[in-house]
Amino acid sequence: MSNDNNTQDLRVVAAGIRLVTLQTFANIGFGHVGGAMSIIETLAALYGSELKSDPKNPNWRERDRLVMSKGHAGPALYSTLCLRGYFPKEVLLELNQGGGSLPSHCDMHKTPGIDMTTGSLGQGMSTAIGLALGCRLDNIDNYTYLILGDGECNEGQVWEGAMFASFHKLGKLIAFVDWNKQQLDGFTKDILDMGDIAEKFKAFGWHAQTIPGNDPGIIKAAIIDAKRYTDAPSVIVLDTIKGYGCEFAEGVAANHHMNFTQEQIDKAIDDAAQQLEYVRELASKNNKGVS
Amino acid sequence: MFTVHELFEKNPKMMRETYCETLIDLALSNENIMALDADLVSSSGMKPFFQRFPDRAINCGVAEANMIGIAAGLSAMGKIPFAHSFGCFASRRVCDQIMISAAYAQQNVRIVGTDPGVTAAYNGGTHMPFEDMGVLRSIPDIFLIEPCDNVILEDLLRQLAKLKGVYYIRMARKNAVSIYKEGSNFHIGRGNTLVDGNDVTIFASGIMVYEALKASSILQTDKISARVVDMFTWKPIDTELIDNCARITGAFVTAENHNVVGGLGSAIAEAASAVRPVPIEMVGVKDRFGQVGTEDWLKTEYELTASDIVAAAKRAIERKQ
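These protein sequences, in sequence, are chains H and L.
Just so we're aligned: 75 in the numbering used here is position 75 of the first sequence, and the numbers increase by one with no gaps anywhere.
If you count the second sequence from 1, you need to add 291 to reach the numbering used here.
In structure tokens form, the structure reads like this:
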């Protein structure tokens, strides 16, 4: 997987990440399926295009950073990093295995390519700010990306950080909120509704956009747009579907962490493989058309 | 090596002045040293640092959780952040941020919690940390230290600029009684035996070190030979020294300006029970909340005086078989 893809290619990247993520979940029979599926197109736009990284040198100082603050989406990020070339596919078998390198929530000391340890919700906002400040102090020309969950935005620490980041004009901090409208106990509207998330961030001094969040081309364009704002942090609210592209999870109420049957995961993997073939053909035609 | 004063007097220089001056000195030669505060720069005495290094000093506002997370992120970029708030808000309020963003994530963060225990005085119960070391003590890999005077504070700060890991420094802000002579240096993780003795060991920390030294003199008049140890490192606890002291004296008193539940007494009792169990009497706050008052009044109220240590020492000796 390279990182210079056009929109059609990014759909192929996303389909590939989804297939590998489902295959990874299949090994253990359970997991945070919903929130992993909903963020895949964003990971495709980042690692397939916009995020500056070098899999051969994961600690490259000039790289862009990603803080997956909704750390339970680790499995989607692990698949992405694997496809980007950070580690071989066999490593994916270590998901949730004792002593393995892929814990359920991201750990920077266990997994190559993970820039920050996350899992206790809300804390990634602050650590991402620390990274962005550190990069600015050292005159590193890069971006710090932050992925928050919508339920995670219940945490007060998110808003402590939101105040801080705009006051300190962290223009190179770009946050995403995976607005999939569901949190662990159900729909956000029934638990603790955040209302208009983009408007809230705007009120805190951020540049904010709300976009369709399961289209990697649109996400890529939104990132490019966010980079134009240099005197304020940016947030991209991703209007996503929790469990997107996985039949047994999509649209299901309790899809935050779920068990599934072999039959269900086999069907989901088949669907994802077919989707990958389909977008690959489209991309191939498209690329031929261009040339 | 360290040397102890013969006469004990309050240092005219406040602890916070030593804190600020030392950090400025360290920052001059190490560009990674940074200071963070949560709207308490005036209290921590760090204004000169903030004026001198505006790019490396961050006032995070009244948002301690965010401050600790930022410190962890800065650490991931190679910075060495010193983050300050009052002890209550630098520990119990941000316990999860210290646990996950700093310790679990193996970052290099120094957290300074000021106004320990009764030194919070007029700020009262809401601001009086009797629990700060206790809530942090169950976090793996964390270092907990309580320097009792300016000399040990400065030496420890200089060490902390070079060491890896997460450190919580429990520090009185104002004038401390000088225990150590200039030029002394210290080993984190090892207690300092200030007075030799054979009948009982008094393990003390922070403001209780001076009380322990006074108690030792009073006990001497009763022909009781009390050993006094400044146990400035609460974690990791110096088990080897505890074992030696148990072997030599056979009875302990622990003296802390902190709740005895989860504090220094607990740490020493845990260690002693594993290596050489001896009778232990704990001088400290007996599971109570703080309240307003002068430091002296509060020390009497919570039984944190030299005479409380004397009585505890006699009880401990009586319990020896």
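Backbone N, C-alpha and C fix where the C-beta goes; we use that ideal spot for every residue, glycine too.
All of these numbers come straight from a predicted model, not from anything done at the bench.
- Bridge pairing for L:V457: L:V400 [DSSP].
- Here the stretch 588-604 of chain L makes no contact with the stretch 427-440 of chain L; the two share fewer than three CB pairs at distances below 8 Å.
- Cβ neighbours of L:R606 within its own chain (closer than 7 Å, five residues either side excluded): E572.
- H:Q182 sits in a strand when the DSSP states are folded into three classes.
- Taking the CA atoms as reference points, L:T313 sits about 12 Å from L:F373.
- By the neighbour-count criterion, in which 16 or more other beta carbons inside 10 Å mark a residue as buried, H:H72 falls on the buried side.
- Nearest in C-alpha terms to L:V583, of all of L:G541, L:V409, L:R449 and L:S557, is L:V409.
- Taking a 10 Å sphere around the C-beta of L:S564, we find fewer than 16 other C-beta atoms and assign the residue as exposed.
- Ranked by how close their Cα comes to the Cα of L:V601, the residues L:S516, L:C536, L:E437 and L:N357 have L:S516 in first place.
- Here L:S496 carries a coil assignment [DSSP, helix/strand/coil].
- Listed along the chain, the chain L residues whose CB falls inside 7 Å of the CB of H:G151 amount to none; the nearest CB is some 17 Å away.
- In chain order, H72 and H257 place their CB closer than 6 Å to the CB of H:H32, counting only its own chain and leaving out the 5 sequence neighbours on each side.
- Taking 9 Å as the cut-off, the Cβ atoms of H:G130 and L:A412 do not count as close.
- When only Cα atoms are considered, L:K526 and L:T417 end up about 25 Å apart.
- In its chain, beyond the 5 residues on either side, I40, G245 and A272 have a beta carbon closer than 6 Å to the beta carbon of H:R18.
- Interface with chain H (9 Å Cβ-Cβ cutoff): L:K605 is excluded.
- Only residues of its own chain outside the window of five on either side were considered, and among them M305, R307, E308, Y310, C311 and R464 have a CB closer than 8 Å to the CB of L:G336, listed in chain order.
- Residues of the stretch 102-136 of chain H with a C-beta less than 9 Å from any C-beta of chain L: D107, M108, H109, D115, M116, T117, T118, G119, S120, G122, Q123, G124, M125, S126, T127, A128, I129, G130, L131, A132, L133, G134 and C135, listed in chain order.
- For the stretch 435-481 of chain L, the full-length alpha helix (DSSP H) segments reaching 4 residues or more read 441-451 along the chain.
- In the structure shown, the three-state DSSP call for L:S376 is strand.
- Within the same chain, and ignoring the five residues on either side of H:Q275 in sequence, the residues whose Cβ sits closer than 6 Å to its Cβ are A15.
- A Cβ-Cβ separation of about 17 Å leaves L:I493 out of contact with L:V576 under the 8 Å criterion.
- Closer than 7 Å at the C-beta level to chain H, one finds these residues of the stretch 388-415 of chain L: Q388, I391, S392, Y395, A396 and Q397.
- A residue is called buried once 16 or more other Cβ atoms fall within 10 Å of its Cβ, and H:F176 is buried on that count.
- Chain H places a beta carbon closer than 9 Å to that of L:R347, counting this residue as a contact.
- Neighbours of L:K514 in chain H, taken as residues at a C-beta separation under 7 Å, are lacking, since the least C-beta distance is about 56 Å.
- Between H:V12 and H:A283, the C-beta spacing is below 9 Å.
- Going by beta carbons, H:C82 and H:L66 fall outside the 9 Å limit.
- Taking CB atoms only, L:C351 has a neighbour in chain H less than 9 Å away.
- Within chain H, no residue has its CB atom less than 8 Å from the CB of L:M292, the nearest being about 36 Å off.
- Of the residues L:I533, L:S333, L:V520 and L:I443, the one whose Cα lies closest to the Cα of L:S475 is L:I443.
- Using a CB distance cut-off of 9 Å, L:L319 does not count as an interface residue toward chain H.
- Cβ neighbours of H:L173 within its own chain (closer than 6 Å, five residues either side excluded): A132, T144, A165 and P233.
- Taken in chain order, the members of the stretch 358-373 of chain L whose beta-carbon sits within less than 9 Å of a beta-carbon on chain H are M358, I359, G360, I361, A362, A363, G364, L365, S366, A367, M368, G369, K370 and P372.
- Beta-bridge analysis with DSSP links H:L148 to H:V177.
- Within the same chain, P339, F340 and R343 come within 7 Å of L:I315 by CB-CB distance, once the 5 residues on both sides are set aside.
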